[in-house]
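A.B. asks: Under the UniProt record's numbering, the residue at position 141 of the sequence shown is numbered 141, and the numbers go up by one with no gaps.
For glycine and all other residues, C-beta sits at the position ideal for the given N, C-alpha and C.
In this text the structure is predicted, and so the values were computed from the model without any measurement.
Structure incoming, see below.
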Amino acid sequence: MHIRFFDEADRPFLRTLYLAARRHNWTWLDGDDWQLEDFDAVILGETVLVAELNGHRVGFAAVLDNDNFLHSLYVDPDAQGQGVGSALLEKVQSRFSSTGALKCLQQNQAAMDFYLKHGWRREAVGESEQGKYVLMHFPLATRTSGTGRR
Numbered sequence: 001m002h003i004r005f006f007d008e009a010d011r012p013f014l015r016t017l018y019l020a021a022r023r024h025n026w027t028w029l030d031g032d033d034w035q036l037e038d039f040d041a042v043i044l045g046e047t048v049l050v051a052e053l054n055g056h057r058v059g060f061a062a063v064l065d066n067d068n069f070l071h072s073l074y075v076d077p078d079a080q081g082q083g084v085g086s087a088l089l090e091k092v093q094s095r096f097s098s099t100g101a102l103k104c105l106q107q108n109q110a111a112m113d114f115y116l117k118h119g120w121r122r123e124a125v126g127e128s129e130q131g132k133y134v135l136m137h138f139p140l141a142t143r144t145s146g147t148g149r150r
């Protein structure tokens, strides 16, 4: 697994991956209006990390570095369960300078379980246009407390 920074040549493939992953995982939402270009708005102003497995792009994470906020983490549906999400998440967490944060849609139980398994904690509940979400935090103490993750 290789994690690297986004390059403009990644954009066409990651647009497709983003659309496919949302359609695969967010089945409770009506995705009729989703477009490939939605990816462009999601990563605007963010640091994007790309995961490659055997030379193929298989996922990405987008982070607001100044806020230690993980805005997006998506894995190609065909590559899920192969450690791609974990590798991306560990790389993101290693970049945090203080407690990390993310919002996870409540209906996305698989993602919620994934983040909890990696040491994230539920902090609050809110509402977005996609439905209710859980604000989650990743305290730096989790990363350095000898949990076997590093």
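Among A9, D7, E8, D32, which has the Cα closest to the Cα of L19?
C.D. replies: The residue with the shortest Cα to Cα distance from L19 is D32.
A.B. asks: Could you name the residues of the same chain whose beta carbon sits closer than 7 Å to that of T99, not counting the 5 residues immediately before and after it, in chain order?
C.D. replies: Here the set comprises N68, H137, F138, P139, L140.
A.B. asks: Sorted by chain position, which residues of the same chain lie with C-beta nearer than 7 Å to A79's C-beta, five sequence neighbours on each side aside?
C.D. replies: Only L53, V58, G59 meet the Cβ criterion.
A.B. asks: With 16 other CB atoms within 10 Å as the buried threshold, where does G146 fall?
C.D. replies: For G146, the predicted model reports a pLDDT of 46, less than 50, meaning its position is unreliable; a value from the coordinates is still stated below. Exposed, by the Cβ-count rule.
A.B. asks: Only counting the same chain, and skipping five residues up and downstream in sequence, which positions put a Cβ closer than 7 Å to that of R121?
C.D. replies: Here the set comprises M136, H137.
A.B. asks: Go ahead and pull the three-state DSSP assignment for T27.
C.D. replies: Reduced to three states, the DSSP call for T27 is coil.
A.B. asks: If contacts are defined as beta-carbon pairs under 8 Å, then V75 and A21 qualify, I think. What distance do you get, rounded to the angstrom?
C.D. replies: So it is a contact: roughly 6 Å between Cβ atoms.
A.B. asks: DSSP three-state label for F96, please.
C.D. replies: Correct three-state label for F96: coil.
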